[in-house]
Structures are given as C-alpha cells and as structure tokens.
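Protein chains in written order, with the working numbering: chain L, 1 to 239; chain Z, 1001 to 1239.
2 protein chains.
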Amino acid sequence: MDLNYICYNNKKEMWENMSKIMVIEDDKLICNELAKLLEHHNYEVYLLKDFKEALKEILEVSPDLILLDINIPYINGEVLLQNLRKETNIPVIMVTSINSEIDEALSISYGADDYITKPYNPNILLLRIGAVLKRVKGSFNSPELTYRELKFNYQKGIIKKDNLELELTKNEMIIFSYLLNHQNRIVTREELMTTLWDNSEYVNENALTVNISRLRSKLKEIGYPDVINTKKGMGYILL
Amino acid sequence: MDLNYICYNNKKEMWENMSKIMVIEDDKLICNELAKLLEHHNYEVYLLKDFKEALKEILEVSPDLILLDINIPYINGEVLLQNLRKETNIPVIMVTSINSEIDEALSISYGADDYITKPYNPNILLLRIGAVLKRVKGSFNSPELTYRELKFNYQKGIIKKDNLELELTKNEMIIFSYLLNHQNRIVTREELMTTLWDNSEYVNENALTVNISRLRSKLKEIGYPDVINTKKGMGYILL
DNA sequence: TCCTCAATTAATAAAATCTTCATAAATAAA
DNA sequence: TTTATTTATGAAGATTTTATTAATTGAGGA
C-alpha cells in the first residue's frame, strides 16, 4: 500500500497516551527535524508532504493537532484551513514565514489555534503544541522540570530519580515546584502560605511546617536529605 | 511610531521611585480599570493587549512586575511565563479566571510568584503587588552587590568569595546590607538600631554591638577581618 | 457504609538566633 | 598616667522560630 504519510514512533503500546501530530510541510529537511523533535517528545508524528488528498488523510488519521506550513506550493494553506474547519475542529498551528504579520493575522482569522513564525525555537514550538493540546484535550505532556538528577513532573505529581519514583501529594507538589521555580532566592513562609491557601480564612501556621517536613522526608528517601534549607526568620531556599 | 504598549503616568521625575508594572490583558475594560487603579497608586503602568512580541517588549521595558492574564486568546499565558522564566526573573502575578483551579496550580508550577482569581478585590490585588515588589525591592536589578571580591546576595542571604559561601543570619544581613548601601559615609549606631529594631525602646544598646561582633567574626572567616571600621563616638564605616 | 489517605490541628520537642550580662579592651579626655 | 566613656567579646539564658510526632477531621473511592 502506498501511504502518503509516514508514521513515526509506532510503538503500539504507547499509542493510547500519545497525541498524534500531523505535520504538513514540503521541506524535507524541516520535516525530518520536526519528526525527530516531536518523536523524541513522545508524539506520534505523521508527515504529509503535499496537499494532495490532505483533507482526506487528515480525516483518516484524525490527528490531535496539525502543524501546517502556510507556504506549501500549489495551494494555499489558508484554503486548506478553511476547508478543514468546515469538517472538523482539529486544532491547527500555522507555521508562517518570517515577518509576515499579515499571515499571522489571517491564519488566526481563518481558524488557526496558534501560529508560529519560521525560524522558530524548537522549545517554543513544543510549548505551543503543549498549550494547544492542553486547551483541547485538557491534558498534555507538561515539560519536566529538572533539579539535579531529579525529574519533576508536576502534572503527574511525581519525582523521578533514575527508576526510583516518588509520589507527592498536592501540597508537597505546590511547595516543591514553587521552590524549584525560585531557586535563586529565599522564599518566605508567607509566600508559600498564600500560594498554598490563597487568602483563605485562617490556616494554622504549622500546616506549612508539617507539609515541608513531609516533603523533606520524602526527598530524603531518594537520597536528597538537605535540599530544602531553612533560613530562620526569613524562609526557605533550595540548595 | 507605533507603540504596542502604552505608558501611563510618565512624569519622569518620579520614575526612579516608581515601580513599572506591565499588564498583559486583552479585555479593554479591565485594562483601563487596572491602569487607573495602578496609576492612582503611583505605579508606572504599561499595557500589552496581546502576545505578539510580548517577550521582546517585556525585555525592552524591563518592568518590575508583570500582571499576566492567563486567558489571552491564541496563546497560553503559561507558555509565555515559561519562556519568560528562561530569560529573566521578573516577578509575575497570574490572573486566572474564577473556576480554573487547574490554572492556579499550573501557574505556580510554571513559576508565577503569585496568582489571583478574577473577579478580584482591587485592594487585595494592590496588597499582593506590594508584597511581591517588597520581596524583590532594591535587589532586583542587581541581585548581587559586590564589595571588593565579595559578592553579597541579599536574596539568598549569603556572601560569596570565589567558591566560599558565608551564610548570614537575618540581623547580620540587615547590618551588612545597610553598611554596604552607605559605603561612602559613617553610619551611626542609632541608625542601625532603628533599622534593626525600628523604635522599640526595650532593646539593649549592646545587642547591636554583639551582632556586629558576630558579623565581623564571620567576615574574618573568609579573610576580611577589618572591613567594618569603628569610628569611636560616631559609628561604623565600611573600609 | 466503611476505609483510606491526605490535610489540618494540636501538643511537644528541638533548634537557631537574639539579647542580656558580666567583663575586658580600646580610645579619648583629664 | 589615670580615669571615663565607648565599644568588644564570650558565655549564659531567653525568646522565637521551626520540627516532629501523633491525633483528628474530612473527602473520595471501594
């Protein structure tokens, strides 16, 4: 059978959790790079090199997201987008050439969910993809924050070290990620309190202490006993 | 010139004391109200209505704080926040819609310094803004004050010399940073007293002396025995 | 309904830092 | 040199802040 698209990353056992992304792009180089990038981030990638039957194949594959290059020869990406929108709501991220602001405005008015200009930063692309998928599916692979040898996945609520996994509770996660995101300074207890409990009525001061204590002991379990440093009278800081 | 942001309150003579706040929000009504509110409280307000070039303009304006609406169309505020965090530590307060608990949690995981839900009480917003600014006040633009070969990081509460690190306690930090910020003159003991204990009369004169003594011995540890110079009957000065 | 687990409170313990005290040193004045 | 005044230091003791552990509550799942 003569497939018009290529599917990378066909580890079937993972399919259920993976998001399908269809890339419509005529430049082979970019195509391959994109495929690698996305594959590496656990997306299931389909490449489409031209617009022949594009619509049909989109409907067949039913990707979770389409990355659409607007400068495909012979046909205008916007037209495809317009046609697509008549059939489905699959989110589309338009990839436009540099400084074509008009395109940006237009693609959105035609129903693109986001746009990105070439040349783009791969990380930004990934973030945008993640954001769009999250909007649509309510879930997406949130990037993992790393701290030393630890990988912290907020969405899943786990910290990984090699193949050790640590499950954090909601409060522990909030504390850890706040500290993680402010490694450069002392974080006051007050700050953590508002982060955890907003302006909620009165919550015992000690609740925070207890939560930190538990978080510490969990971190200790995987060999990080002294990462949360107490600055008495000032707050905490991640070492 | 076609500015993408608007600057309110441009009384130049006040700029130095004023904090710049960049508001990223698409709703014009809210925008204007916010601008009025903040302006009225002597903030220098910049409005950004969409995300085109947001990052670039943020870096250009270099605000002291960013108020970021998470529900801007086309792109996700979280993505901007993530990207922003790669470049700078400008504090961000996320403004989230009412029933988006996920967003609240996420904004923290992405490194927001605080969040507030719509509709918000203006006074609470102001308080939060004040709190965040106070945290970073003074030290934001130059997180590390240098003194000879010493780097004093107020936010981390440490003094570094090469790879030696000295941890200071709260009082020691207050004293050292005060001296550091007034290197050019003699600082009276009285001044230091009020800085440390405000006006509480009940504190023994000697408490200050003892605190200075300890600070000195710590500085001595890293090879700076004589930096705090006593001017008998007058005060202290940093050599 | 009961059970489980996380979150909070409560009670107590442990630290770290701060202040005081007693006394010594340093400087200025007489 | 002597004396007075100011500052230094070292070691308690006190205070405040944070930790720990256990008990209670409360929500969600079996």
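By construction, the Cβ of each residue, glycine as well, lies at the ideal position given by its N, Cα and C atoms. Given the structure is predicted, the values throughout are model-derived calculations rather than measurements.
Let's see if you can read the secondary structure: which residues bound the beta strand (DSSP E) around K1161 of chain Z? Per DSSP, K1161 of chain Z belongs to the beta strand (DSSP E) from 1158-1161.
For a cutoff of 8 Å on Cβ pairs, would you count D1114 of chain Z as touching chain L? So, interface residue.
For the stretch 1143-1164 of chain Z, enumerate the residues whose C-beta is nearer than 8 Å to any C-beta of chain L, in chain order. Taking a C-beta cut-off of 8 Å against chain L, the contacting residues of the stretch 1143-1164 of chain Z are P1143, Q1155, K1156, G1157, listed in chain order.
Does the stretch 171-180 of chain L come close enough to the stretch 205-219 of chain L to have 3 or more Cβ pairs within less than 8 Å? In the pairwise beta carbon analysis, the stretch 171-180 of chain L is classified as touching the stretch 205-219 of chain L: at least three pairs are separated by under 8 Å.
Taking the alpha-carbon of Y1154 of chain Z as reference, which of L:R148, L:L84, L:G235, L:D26 has the nearest alpha-carbon? Comparing Cα-Cα distances from Y1154 of chain Z to each of L:R148, L:L84, L:G235, L:D26, the minimum goes to L:G235.
Sequence-distant residues of its chain with Cβ nearer than 8 Å to L166 of chain L (five each side left out): Around L166 of chain L, the same chain offers I158, I159, K160, K218, L219, E221, I222 as residues with beta carbons nearer than 8 Å, after the five sequence neighbours per side are excluded.
Alpha carbon of M1018 of chain Z to alpha carbon of K1056 of chain Z, nearest angstrom: So the alpha carbons of these two residues sit roughly 22 Å apart.
Throw me the rounded Cβ distance for the K1151 of chain Z and E1144 of chain Z pair, which I believe falls under 8 Å. Indeed, because the Cβ distance is near 5 Å, the residues count as touching under 8 Å.
Just the Cα atoms here: how many angstroms apart are L125 of chain L and P63 of chain L? Taking the straight line joining both Cα atoms gives about 17 Å.
What residues from chain L crowd round G1240 of chain Z, counting only those whose CB sits closer than 7 Å? It is not possible to answer for residue 1240 of chain Z, since the shown part of chain Z is limited to 1001 through 1239.
I'd like to know whether the C-beta of T230 of chain L is nearer than 8 Å to at least one C-beta of chain Z. No, T230 of chain L does not count as interfacial toward chain Z.
Going by C-alpha to C-alpha distance, which of Z:D1226, Z:L1037, Z:I1175 sits closest to L1127 of chain Z? That would be Z:L1037, whose Cα lies nearest to the Cα of L1127 of chain Z.
Quick check on I186 of chain L - is its C-beta less than 8 Å from some C-beta in chain Z? I186 of chain L has a beta carbon lying within less than 8 Å of a beta carbon in chain Z.
Give every residue of the same chain whose Cβ lies closer than 7 Å to the Cβ of T195 of chain L, excluding the five residues on either side of it in the sequence, and list them in chain order. Counting only Cβ-Cβ distances below 7 Å, and skipping sequence neighbours, we find I174, Y178.
Is the CB of A1216 of chain Z under 8 Å away from at least one CB in chain L? According to the sequence shown, residue 1216 of chain Z is Arg rather than Ala. With 8 Å as the cut-off, R1216 of chain Z does not count as an interface residue toward chain L.
With a cut-off of 8 Å, does the C-beta of N1089 of chain Z fall near any C-beta of chain L? Answer yes: the Cβ-Cβ gap between N1089 of chain Z and chain L drops below 8 Å somewhere.
Element boundaries [beta strand (DSSP E), containing V1136 of chain Z]: Element bounds for V1136 of chain Z: not the beta strand (DSSP E) but the alpha helix (DSSP H), 1122-1136.
CB contact below 8 Å: K1170 of chain Z versus chain L: Under the 8 Å criterion on CB atoms, K1170 of chain Z is classed as interfacial with respect to chain L.
By the DSSP assignment, the beta strand (DSSP E) with T1230 of chain Z in it spans what residues? Looking at the DSSP string, the run of the beta strand (DSSP E) that includes T1230 of chain Z is 1228-1231.
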